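Working notes, structure below.
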Amino acid sequence: MSKPTVGIFGLTGCAGDQLVILNCEDRLLDLVALVDIRDFLMASSDNQTECALDIALVEGAVLTKKDADALRAIRKRAKLLVALGSCAVWGGIPAMDRGMDRGPMLEEVYGDAGAGYDSQAAQALHEVVTVDLNITGCPIEKEHFISAIASLLNGDAPLYPKYPVCTECRMRENNCLLIERGLPCCGPITVAGCNARCPELRVPCIGCRGPIGDANPASLLAVMEEKGYNREEIVNRLRMFAPQGAPQ
Ligand code: SF4
Ligand code: SF4
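Residue numbers (our numbering): 445 to 692.
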């Protein structure tokens, strides 16, 4: 039986999720034995750029018309399209400036040349094409990627946590940075899956995995204001990875 064909692609982003895949080290050979990777520019210069794919994995956000065209072309080739990482799932850090006037920002950075740039407000993949599966994280967790591939090969939908980082943080028996030390931790509204990596190191969560489904940012905002933080500073923090979920 032929192996499922796979393509791995990057739009505008840091390529960190593709690096996570390449860093799967001991499991990479098992992965390559199970699937036929046909198109993966970061790993190979010999790619089949037009073949049909069973699974397309796409990282990065849509920030240009070129990104949007590339994503639509990938969608046409693929039976299943997986969004990889917070930029692909939520828009991520590039989407922080959504709602702001783009013209002056381009001029500020590129001067007169800015007007000619192919640049638009960042969009998550699902805002442009149909997405079959989201794997969030900045970057994604290796285990989530491996389990997603294993589940897809078995015809199952992979299961990811639906609870907040606070749950993992409490399971690790950490003292709460927000309540006990008054630090601006976004754990209560951020989807778990990182095993509370930052609070474990006494660093407040900045929400890099994106919001949980029933996030209540207004409530977290009120707690942080009680702790003496300025509203604008908090809103900017909450907007950093998933501006759609943040209070205005
Ligand atoms: S430190 Fe942050 S993640 Fe941990 S319990 Fe407190 S608010 Fe939640
Ligand atoms: S604790 Fe928060 S910022 Fe740190 S890895 Fe987890 S989701 Fe990201």
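The C-beta atom is built at its ideal place from N, Cα and C for all residues, glycine as well.
Predicted model only: the values in this text are computed from it and were never measured.
- A straight line joining the alpha-carbon of E677 with that of E644 spans about 24 Å.
- For I499, there is no enclosing alpha helix (DSSP H); the residue is found in the beta strand (DSSP E) stretching over 497-503.
- V635 counts as buried, since at least 16 other C-beta atoms from the protein chains shown sit within 10 angstroms of its C-beta.
- Taking C-alpha positions only, P548 is separated from M445 by approximately 55 Å.
- Distances taken from the Cβ of A640 to the heavy atoms of ligand 2 include one shorter than 7 Å.
- Distance from the CA atom of D545 to the CA atom of G535, rounded to whole angstroms, is 17 Å.
- Contact between the segment 496-513 and the segment 646-654 is absent, with fewer than three C-beta pairs closer than 8 Å.
- The Cβ atoms of I452 and L501 sit closer than 8 Å to each other.
- Taking 7 Å as the cut-off, the C-beta of P628 does not count as close to any heavy atom of ligand 1.
- For the segment 579-637, not one full-length beta strand (DSSP E) segment reaches 3 residues or more.
- With respect to the 8 Å criterion, G529 and E552 are not classified as neighbours on the basis of their beta carbons.
- The beta carbon of V609 sits closer than 6 Å to those of G631, T634, A636, A640, C649, all from its chain and outside the five residues before and after it, given in chain order.
- The three-state reading of DSSP puts P448 in coil, since its state is none of H, G, I, E or B.
- Pairing L577 with L524 gives a Cβ-Cβ distance under 8 Å.
- Partner residues in the beta bridge of D483, as assigned by DSSP, are G451.
- The segment 520-550 contains, as complete beta strand (DSSP E) runs of 3+ residues, the segments 522-528 (chain order).
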